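Going by the working numbering, 477 is the number at position 262 of the sequence shown; the sequence numbering is gapless.
Glycine is no exception: its CB is placed at the ideal position from the N, C-alpha and C atoms.
Since we're looking at a predicted model, the values are computed, not measured.
See below for the structure under consideration.
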Amino acid sequence: MTAAAISARNLRKVYPGSPDVVALADASIDIQDNEFFTLLGPSGCGKTTLLRMIAGFEHPTSGTLTMHGEDLTNLPPYKRPVNTVFQSYALFPHLTVAQNIGFGLEMLGKPKDEIKKTVGEMMELVKMSQMADRQTGQISGGQQQRVALARALAPRPKVLLLDEPLSALDFKLRKDMQLELKRLQTETGITFIFVTHDQEEALTMSDRIAVMSAGTIRQIGGPRDIYDRPAERFVADFIGDTNFVPAQIAANTGNDAQVTLSSGKTVTAKMPEGAALTGKVTLAVRPEHASIGAEAAGLLPGRLSEIVYFGTDTHFHVALDDGTGFVVRSQNRPNETLPFSTGDRISVDFAPGVGQVLRD
Ligand SMILES: Nc1ncnc2c1ncn2[C@@H]1O[C@H](COP(=O)(O)OP(=O)(O)OP(=O)(O)O)[C@@H](O)[C@H]1O
């Protein structure tokens, strides 16, 4: 196998102070060529710190960082085949779209005709050819975002770092740009390392996601792995909505376990990789992976406490007999009549293999 585009081994960053801030604690990660890789986590978890070390703006306190097998430690930022798109687009407002896109290439001393050709290609790529001569101070936020992307892509970096580049855009534009960014990454074949605290953004665009918390990487996987198979409580809680169900391991067969629920009923659940859990555990069950039915039919009996209509779907809030709450989400269909009303005795059910045992 060829060396990873970016490989971090026990990468650590401590900002001295009283007390010291451990911004990144021994993070290890391999990002492959041509991947759309996302660093996802709440504010302050160390995402930007990791990105800035890859760019060369920060020095690791310890650990190693390599690019295609080559040590990056002593390589200054401008010698790294890496470019960054910042949250604030950092464009020159009095320069035109074309001049902004060509700026980096001019700094690199590229010949005029090559710059012209590349700028033309880049404007085409981000669909800004019609606005080549407009000053960037006079175009919309979404258009500025495209120019910033084109400028960063123009020198054909091997790796593009994107630090929350969509956070200044409104909701609709953000959605459009998510698809656009994914398209750009696929078309250029450049490795994208994208930082966000927005889980939906991460799920829609990424090939793989690293979920971070307090300077550590909690789980790395594809969007479906992360969503359907969260390995621990933090990941299950941070991404999407989850029901946490108390359970007891009855039999452990490696990948799967038989777990007994508070009702005494037993169901098959998935085990986190490499975990040898016994005794009391917590099960994560997504609201849309469960259903409600007649009281005796399902796994967990309770009372329907609230029904909330959301247009696309309905949320059924259930007060379980064990004292915990559970939310079931069900997609709405036209002309549907609900079989239950608030206050009814019902039960929550989910299929074998749907529940995920969590490492606490
Ligand atoms: N130059 C610095 N000096 C001291 N502490 C810093 C410095 N830069 C970052 N930190 C601290 O390091 C931790 C990680 O910061 P970082 O910016 O990497 O987080 P983040 O996940 O990118 O957050 P956000 O989403 O808010 O940008 C935080 O506790 C932050 O306060």
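In the DSSP annotation of this structure, the continuous segment of the alpha helix (DSSP H) that includes residue 356 starts and ends at 356 to 368.
Between residue 349 and residue 275 the beta-carbon gap is near 41 Å, outside 8 Å, which marks them as no contact.
Shown in chain order are the residues whose CB sits closer than 6 Å to a heavy atom of ligand 1: 230, 236, 238, 256, 258, 259, 260, 261, 262, 263, 264 and 412.
If you compare the alpha carbons of 569, 537 and 522 with that of residue 552, the shortest gap goes to 522.
With a beta-carbon spacing of about 10 Å, residue 484 and residue 465 fall beyond the 8 Å limit used to define contacts. Taking 3 residues as the minimum length, the beta strand (DSSP E) runs contained wholly in the region 416 to 443 are 423 to 428 and 431 to 436, in order along the chain. Here residue 456 carries a coil assignment [DSSP, helix/strand/coil]. Shown here for residue 381: same chain residues with a beta carbon closer than 6 Å to its own, the five before and five after excluded, namely 389 and 392 in chain order. Beyond the five residues adjoining it in sequence on each side, residue 532 comes within less than 6 Å, by CB distance, of 520, 521 and 542 in the same chain, given in chain order.
Residue 228: not part of any alpha helix (DSSP H); member of the beta strand (DSSP E) spanning 221 to 230, first to last residue. DSSP links residue 350 through a beta bridge to 311.
Per DSSP, the continuous alpha helix (DSSP H) segment holding residue 266 begins and ends at 262 to 270. Going by DSSP, residue 565 is part of the beta strand (DSSP E) stretching over 560 to 565. Sixteen is the threshold: when 16 or more other Cβ atoms of the shown chains lie within 10 Å of the Cβ of residue 315, as they do, the residue is buried.
The residues 226, 227, 228, 261, 264, 265 and 430, in chain order, have a CB closer than 7 Å to that of residue 239 in the same chain once the five nearest residues on each side in sequence are set aside. By the C-beta criterion, the region 349 to 364 is judged to be in contact with the region 297 to 315, since at least 3 inter-stretch pairs fall below 8 Å. Of the residues assessed, residue 301 falls on the exposed side of the cut-off, its CB having fewer than 16 other CB atoms within 10 angstroms.
In this structure, residue 505 and residue 456 do not form a Cβ contact; the two beta carbons are roughly 11 Å apart against a cut-off of 8 Å.
In this structure, residue 374 sits near residue 408, with a CB-CB distance shorter than 8 Å. Sorting 463, 416 and 379 by C-alpha distance to the C-alpha of residue 480 places 463 at the top. The closest CA to that of residue 413, considering only 253, 230 and 557, is found on 253.
Assigned with DSSP and collapsed to three states, residue 372 falls in coil, not helix or strand.
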